[in-house]
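Protein chains in written order, with the working numbering: chain Z, 56 to 268; chain U, 28 to 234.
C-beta atoms are modelled at their ideal positions from N, C-alpha and C, and glycine is treated no differently.
Here is the structure we will look at.
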């Protein structure tokens, strides 16, 4: 959603639309009060629908400056429920074969929309922290030292934060399989690929299969 | 709630001072501040409009004619005033386009014209108040009329103050095609003031 007051040009455009809309309302009202009111309702509904549907201009691709040394490889791993998946652990183990590789595992504190609006995020953060602790312990048990942190409830914001504090050379995103993944439905992987100029690896973790084994 | 197995940024001892502020939002903080301010302003105007519609529509004693007899609003004068204010938005937009292209003369001329037209609007409104023929003690309709138009007039005054600052800084050589945020934000505010006037003029004077 884009605000009509995000820039001077957008505000000016909004002013022109307002002039047109209210001119129409006044004309219709001069014919009939009911017609004027219906015009107002119709235009308001159309404006809300357009506002909700419009997509803002695609942001420029960001260059990510690595915060590591010249021969250091920094990998950002983003996962939530799938953070304990075997496929993800296997991918991290393969990546860890390269020397001087640093990992940062970020678990977004996923929350319901209602709880986000009411700032009721403590349980979500605690759950994410618990998953993260288990994962870091598992990685440590196979000899991989990784940093970890609980991220913002919005995975894109969590990635954005980590890009600035960690400066990775590569990103690994773990999701549920297609059809069961909310992140895939929201196009999180594509958005991250479009937004940053670093390689993004998508790991699909099927927890149902993992638990069954 | 951060777990660190090892120092986060080892090997970066050349950095001095506090770390760069992390910014999750993609909206510029100053623009975001203006957006939030405008959001609060919309709510303020909304409360005044609620009072207006109560007096005019919901109130059991609402007058059959608006404004109630024997009063009338100076629709034509306010219409001319509206045209002046809307034109000032065009000059504001022109001024910003000029500074983006590095045309300082056009920028300064646009800003001065915008200010003058805004000032003319405010002056006309004061004259309108003096000659309108009723006062706040003449009924609820008069209260909401002066309340809404006065609230808007106060916003025009604030907008003019911002424009004056831009003009002074502009004549001192500030702003460039790369740095014109100080013009952009007052521009957003000025257009907002114009949008609100269109709504005020249409609902109070015309409908």
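Q) Which bits of chain Z does residue 103/U rub up against, with CB to CB less than 9 Å? A) Here the question's residue 103/U lines up with position 76 in the second chain. Ordered by position in chain Z, no residue passes the 9 Å Cβ test against residue 103/U, which lies about 15 Å from the chain.
Q: Starting from the C-beta of residue 118/U, find all residues in its chain whose C-beta is less than 6 Å away, skip the five residues before and the five after it, and write them out in chain order.
A: To locate residue 118/U, count along the second chain from 1; it is residue 91. For residue 118/U, same chain residues with a beta-carbon under 6 Å away, outside a window of 5 residues either side, are 137, 140, 141 in chain order.
Q) Using the rule of at least 16 other Cβ atoms within 10 Å of the residue's Cβ for burial, across every protein chain shown, is residue 23/U buried or exposed? A) With chain U covering only 28 through 234, there is no way to say anything about residue 23/U.
Q: Please classify residue 35/U: does DSSP put it in a helix, a strand, or coil?
A: Against the second chain, residue 35/U aligns to sequence position 8. With a pLDDT of 44 at residue 35/U, under the threshold of 50, the modelled position of that residue is not reliable, and the figure given next carries that caveat. When DSSP states are grouped into helix, strand and coil, residue 35/U belongs to the coil group.
Q) CB residue 175/U to CB residue 76/U, shorter than 9 Å? A) Residue numbering aside, residue 175/U sits at position 148 when the second chain is read from its first letter. Residue numbering aside, residue 76/U sits at position 49 when the second chain is read from its first letter. Residue 175/U places its beta carbon less than 9 Å from that of residue 76/U.
Q. Who are the Cβ neighbours of residue 194/U in its own chain at under 8 Å, not counting the five residues just before and after it?
A. Position 167 of the second chain holds residue 194/U. Cβ within range, chain order: 135, 138, 139, 142.
Q | Exposed unless 16 or more other CB atoms sit within 10 angstroms - verdict on residue 198/Z | A | Here residue 198/Z is taken as the residue at index 143 of the first chain, counted from 1. By the 10 Å Cβ count, residue 198/Z comes out exposed.
Q: Using three-state DSSP, classify residue 175/U as helix, strand or coil.
A: In the second chain, counting from the first residue as 1, residue 175/U sits at position 148. The answer is helix: DSSP assigns residue 175/U an H, G or I state.
Q: With a 10 Å radius around its C-beta and 16 neighbouring C-beta atoms as the bar for buried, classify residue 149/Z as buried or exposed.
A: Translated into positions along the first chain, residue 149/Z becomes position 94. Flag for residue 149/Z reads exposed.
Q.
Assuming residue 179/Z is part of the alpha helix (DSSP H), what are its boundary residues?
A. Here residue 179/Z refers to the residue found at position 124 when the first chain is read from its first residue. Secondary structure note for residue 179/Z: its alpha helix (DSSP H) is the uninterrupted segment 177-196.
Q. Is any beta-carbon of chain U found at less than 9 Å from that of residue 121/Z?
A. The residue given as residue 121/Z occupies position 66 in the first chain. No, no contact with chain U.
Q. What does residue 58/U touch in chain Z if you count any residue whose Cβ is under 8 Å from its own?
A. Within the second chain, numbered from 1, the residue matching residue 58/U stands at position 31. Think of a sphere of 8 Å around the beta carbon of residue 58/U: the chain Z residues whose beta carbon falls inside it are 61, 62, in chain order.
Q | Nearest neighbour of residue 265/U, chosen from 58/U, 59/U, 79/U [CA to CA] | A | Chain U is shown from 28 up to 234; residue 265/U falls before or after that span and cannot be answered.
**Q.** Option in 140/Z, 184/Z, 188/Z, 203/Z with minimal Cα separation from residue 261/Z
**A.** Counting from one through the first chain, the residue named residue 261/Z turns up at place 206. Nearest C-alpha to residue 261/Z: 140/Z.
Q: Identify, in the order they occur along the chain, each residue of the same chain with its Cβ nearer than 7 Å to the Cβ of residue 170/U, setting aside the five sequence neighbours on each side.
A: As a position in the second chain, residue 170/U is number 143, starting the count at 1. In chain order, 163 place their CB closer than 7 Å to the CB of residue 170/U, counting only its own chain and leaving out the 5 sequence neighbours on each side.
Q) Taking DSSP as the reference, what is the three-state secondary structure of residue 60/Z? A) As a working note, residue 60/Z is residue 5 in the first chain. In the three-state DSSP reduction, residue 60/Z falls in the coil class, being neither helix nor strand.
Q.
Looking at the secondary structure, which residues open and close the alpha helix (DSSP H) in which residue 69/U lies?
A. Taking the first residue of the second chain as 1, we reach residue 69/U at position 42. 56-80 is the span of the alpha helix (DSSP H), which, as asked, contains residue 69/U.
(Q) Against chain U, with Cβ distances strictly below 9 Å, would residue 134/Z count as a contact? (A) Locating residue 134/Z in the first chain gives position 79, counting from the first residue. Not one chain U Cβ lies under 9 Å of residue 134/Z.
Q: Please go through the same chain and pick out, in chain order, the residues whose beta-carbon is closer than 7 Å to the beta-carbon of residue 208/U, but skip the five residues on each side of it.
A: Position 181 of the second chain, counted from the start, is the residue given in the question as residue 208/U. Same-chain partners within the cutoff: 57.
(Q) For residue 218/U and residue 228/U, what's the separation of their Cα atoms in angstroms? (A) As a working mapping, residue 218/U is identified with position 191 in the second chain. As a working mapping, residue 228/U is identified with position 201 in the second chain. When rounded, the separation of the alpha-carbon atoms in residue 218/U and residue 228/U is 15 Å.
Q) Mind pulling the chain Z residues with CB within less than 8 Å of residue 211/U? A) By one-based count along the second chain, residue 211/U stands at place 184. Result: 62, 63.
Q. Count the other CB atoms within 10 Å of the CB of residue 180/U; is the residue buried (16 or more) or exposed (fewer)?
A. As a first step, residue 180/U must be located in the second chain, where it is residue number 153. Flag for residue 180/U reads buried.
Q) Among residues of its own chain, excluding the 5 on either side of residue 256/Z, which ones have a beta-carbon nearer than 6 Å to its beta-carbon? A) Taking the first residue of the first chain as 1, we reach residue 256/Z at position 201. Annotation for residue 256/Z: 227 place their beta carbon closer than 6 Å to its own, counting only its chain and skipping 5 residues before and after.
(Q) Tell me the residue span of the alpha helix (DSSP H) that contains residue 97/Z. (A) Your numbering for residue 97/Z matches position 42 in the first chain. Per DSSP, residue 97/Z belongs to the alpha helix (DSSP H) from 88-108.
Q. If you drop the 5 nearest sequence neighbours on each side, which residues of the same chain put their C-beta closer than 6 Å to that of residue 167/U?
A. The residue you call residue 167/U lines up with position 140 of the second chain. Shown here for residue 167/U: same chain residues with a beta carbon closer than 6 Å to its own, the five before and five after excluded, namely 82 in chain order.
(Q) With H, G and I counted as helix, E and B as strand and the rest as coil, what does DSSP make of residue 30/U? (A) Taking the first residue of the second chain as position 1, residue 30/U is located at position 3. Bear in mind that a pLDDT of 38 at residue 30/U, under 50, signals an unreliable position, so the number given afterwards is only what the model happens to contain. Collapsing the DSSP output to three states places residue 30/U in a strand.
Q | Under the three-state DSSP convention, the category residue 100/U falls into | A | Along the second chain, read from residue 1 onward, the residue named residue 100/U stands at position 73. Coil at residue 100/U, not helix or strand.
Q: Starting from the C-beta of residue 39/U, find all residues in its chain whose C-beta is less than 6 Å away, skip the five residues before and the five after it, and write them out in chain order.
A: Taking the second chain and counting its residues from 1, one reaches residue 39/U at position 12. For residue 39/U, the predicted structure reports a pLDDT of 46, less than 50, and the residue's modelled location is therefore unreliable. A value from the coordinates is still provided. The answer is none, since no qualifying residue turns up.
Q | Limits of the unbroken beta strand (DSSP E) element including residue 229/Z | A | Taking the first residue of the first chain as 1, we reach residue 229/Z at position 174. Run containing residue 229/Z: 225-230, per the beta strand (DSSP E) assignment.
**Q.** Rounded distance between the beta-carbons of residue 192/Z and residue 206/Z, thought under 8 Å
**A.** Taking the first residue of the first chain as 1, we reach residue 206/Z at position 151. Taking the first residue of the first chain as 1, we reach residue 192/Z at position 137. Actually they are not in contact, since the Cβ atoms of residue 206/Z and residue 192/Z sit about 19 Å apart, beyond 8 Å.
(Q) Does chain Z have any CB closer than 9 Å to the CB of residue 92/U? (A) Counting from 1 along the second chain, the entry for residue 92/U is found at position 65. For residue 92/U, the answer is no, since every Cβ of chain Z falls outside 9 Å of its Cβ.
Q) Cβ of residue 84/Z less than 9 Å from any chain U Cβ? A) Here residue 84/Z corresponds to residue number 29 of the first chain, with the count starting at 1. For residue 84/Z, the answer is yes, since a Cβ of chain U falls inside 9 Å of its Cβ.
Q. In chain Z, what lies closer than 7 Å to residue 229/U by C-beta?
A. By one-based count along the second chain, residue 229/U stands at place 202. Within chain Z, the residues 77, 80, 81 have their CB atoms less than 7 Å from the CB of residue 229/U, given in chain order.
Q: Please check if any C-beta of chain U sits within less than 9 Å of the C-beta of residue 258/Z.
A: The sequence position of residue 258/Z within the first chain is 203, counting from 1. By this cut-off, residue 258/Z is not an interface position.
Q) Which whole-angstrom value describes the C-beta separation of residue 236/Z and residue 138/Z, a residue pair presumed to lie in contact below a C-beta threshold of 8 Å? A) The residue given as residue 236/Z occupies position 181 in the first chain. The residue given as residue 138/Z occupies position 83 in the first chain. Incorrect: roughly 14 Å between the Cβ atoms, too far for contact.
Q: Could you name the residues of chain U that residue 70/Z contacts, counting a contact when the two beta carbons are closer than 8 Å?
A: The residue you call residue 70/Z lines up with position 15 of the first chain. Neighbours of residue 70/Z on chain U, chain order: 113, 116, 218, 221, 222, 225.
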